[in-house]
Ligand SMILES: NC(=O)c1ccc[n+]([C@@H]2O[C@H](COP(=O)([O-])OP(=O)(O)OC[C@H]3O[C@@H](n4cnc5c(N)ncnc54)[C@H](OP(=O)(O)O)[C@@H]3O)[C@@H](O)[C@H]2O)c1
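Numbering (this note's numbering), first residue to last: 5 to 283.
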């Protein structure tokens, strides 16, 4: 995805200009696209993931696209101390973070009983523990700086439905959904805005990177969106908050309630062309 593909150059789309946005999962997929679109609106960015080289490339792209400032932070979201430190560093170097887009996440395929406990636990550490770490640090940071903050967390269509062979991922997204509901209730009266984005199938690297204990690799279920479209929905949620006083929250959704979706989420043995990573 090139800079130009954000559809906007420096200084355009001033709706969000001036925010300081921390984006996790910024090294690829939806997080990366969201960062580029926010850059085009003139937001300063804190780009967080584990792969520093990818983040550095993105940092330069964000500066060319319109970000006044962009900072790279290499961190694992499952490390609560590292996430707390990320907010402190961001605040010291760019200014208090008023917006957080938490897109970091991983997936794993397999029959539940064939997925090693360590793999199940690691996925939960990242998808659930990581979400809790980012949300906790974000809300504390907003309060400490007396900001009305905007926190966007990523669920999934499978945070409301179930499908076989994805049990750790499905369970993690139901957990994120539940956590967001609790945060929304807690923040409902004059607190911070907490939103949940719930994509369906999106063409990103999450599928090829997923561990598979099935002998086949997963793929996005149709209809497949591109990351740019989900990023646009995410940025729109920040630029045009839903009606209601600040502190009210929303679920922008885009939850396709399609018959047969659980079946289509399963890996397809006929078209799979990537060998299982491990078994
Ligand atoms: N793609 C879909 O079909 C789909 C559907 C519904 C929901 N979602 C959700 O959307 C979000 C974004 O996923 P995506 O599709 O854009 O996937 P992606 O392209 O694989 O991006 C995932 C990002 O998360 C980062 N990440 C993974 N583990 C991390 C960790 N422990 N600490 C810090 N960063 C970590 C990765 O960077 P590093 O490897 O550099 O750390 C990467 O930047 C996820 O929450 C995913 O569950 C995706």
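Each residue gets a CB set at the ideal place from its N, CA and C atoms; glycine is no exception.
### Query
Taking 8 Å as the cut-off, does the CB of residue 125 come closer than this to any heavy atom belonging to ligand 1?
False, no ligand heavy atom lies under 8 Å from that Cβ.
### Message
Nearer than 8 Å: is that true of the beta carbon of residue 183 relative to any heavy atom of ligand 1?
### Response
Not one heavy atom of ligand 1 falls within 8 Å of the beta-carbon of residue 183.
#### Entry: Check: residue 31 C-beta below 8 Å from any heavy atom of ligand 1
For ligand 1, a non-hydrogen atom lies closer than 8 Å to the CB of residue 31.
### Message
I'd like to know if residue 171 contacts chain B, where contact means its C-beta is closer than 9 Å to some C-beta of that chain.
### Response
The chain inventory of the structure shown lacks chain B, comprising one protein chain alone.
### Task
Quick one: residues in its chain with C-beta nearer than 7 Å to the C-beta of residue 128, no 5 flanking neighbours on either side, listed in chain order?
Only 172 and 176 meet the Cβ criterion.
### Query
What residues in its chain sit with their C-beta under 6 Å from that of residue 55, if we drop five residues either side in the sequence?
If we look at residue 55 and ignore the five residues flanking it on each side, its Cβ neighbours are 31.
### Helix, strand or coil at residue 197 according to DSSP, with G and I counted as helix
strand
### Message
Buried or exposed, going by whether 16 or more other CB atoms sit within 10 Å of the CB of residue 116?
### Response
With fewer than 16 other Cβ atoms within 10 Å, it is exposed.
### Query
Can you tell me whether DSSP reads residue 95 as helix, strand or coil?
helix
### Task
Could you check how far apart the C-beta atoms of residue 179 and residue 113 are, in whole angstroms? I think they sit under 8 Å.
No, residue 179 and residue 113 are not in contact; Cβ-Cβ is about 18 Å, not under 8 Å.
### Message
Per DSSP, what are the beta-bridge partners of residue 26 in this structure?
### Response
50 and 104
### Message
Report the start-end ranges of each beta strand (DSSP E) in the segment 97-157 that is 3 residues or longer and not cut off at the edges.
### Response
Secondary structure within the segment 97-157: the beta strand (DSSP E) runs of 3 or more consecutive residues, fully enclosed, are 103-106 (chain order).
### Query
Is any heavy atom in ligand 1 found nearer than 8 Å to the beta carbon of residue 158?
Residue 158 Cβ: within cutoff of ligand 1.
### Query
Secondary structure at residue 237, three-state DSSP: helix, strand or coil?
helix
### Message
Pop quiz: residue 200 and residue 181 are said to be a contact at Cβ under 8 Å. What is the actual Cβ separation, rounded to whole angstroms?
### Response
7 Å
### Task
Please determine, among 203, 187 and 61, the residue with the shortest C-alpha to C-alpha distance to residue 197.
187
### Task
Grab me the residues of residue 134's own chain with a C-beta within less than 7 Å of its C-beta, minus the 5 sequence neighbours each way, in chain order.
81, 82 and 108
#### Entry: Sufficient close CB pairs (3 or more, under 8 Å) joining the segment 94-101 to the segment 68-80
yes
### Alpha-carbon spacing of residue 69 relative to residue 61, whole angstroms
Computed Cα separation, rounded: 12 Å.
### Query
Should residue 295 go down as buried or exposed, given a rule of 16 or more other Cβ atoms within 10 Å for buried?
Here the chain has residues from 5 to 283 only, and residue 295 is not among them.
### C-alpha gap between residue 22 and residue 57, whole angstroms
26 Å
### Query
At what residues does the beta strand (DSSP E) containing residue 75 begin and finish?
74-78
### Message
Please determine whether the Cβ atom of residue 227 lies at a distance below 8 Å from any heavy atom of ligand 1.
### Response
no
### Task
Tell me where the alpha helix (DSSP H) around residue 35 begins and ends.
33-44
### Task
Measuring alpha carbon to alpha carbon, tell me which of 104, 118, 138 and 120 ends up nearest residue 152.
104
### Message
Nearest by alpha-carbon distance to residue 165: which of 245, 185, 146 and 202 is it?
### Response
202
### Query
Which value, in whole angstroms, describes the spacing of the CA atoms of residue 84 and residue 123?
19 Å
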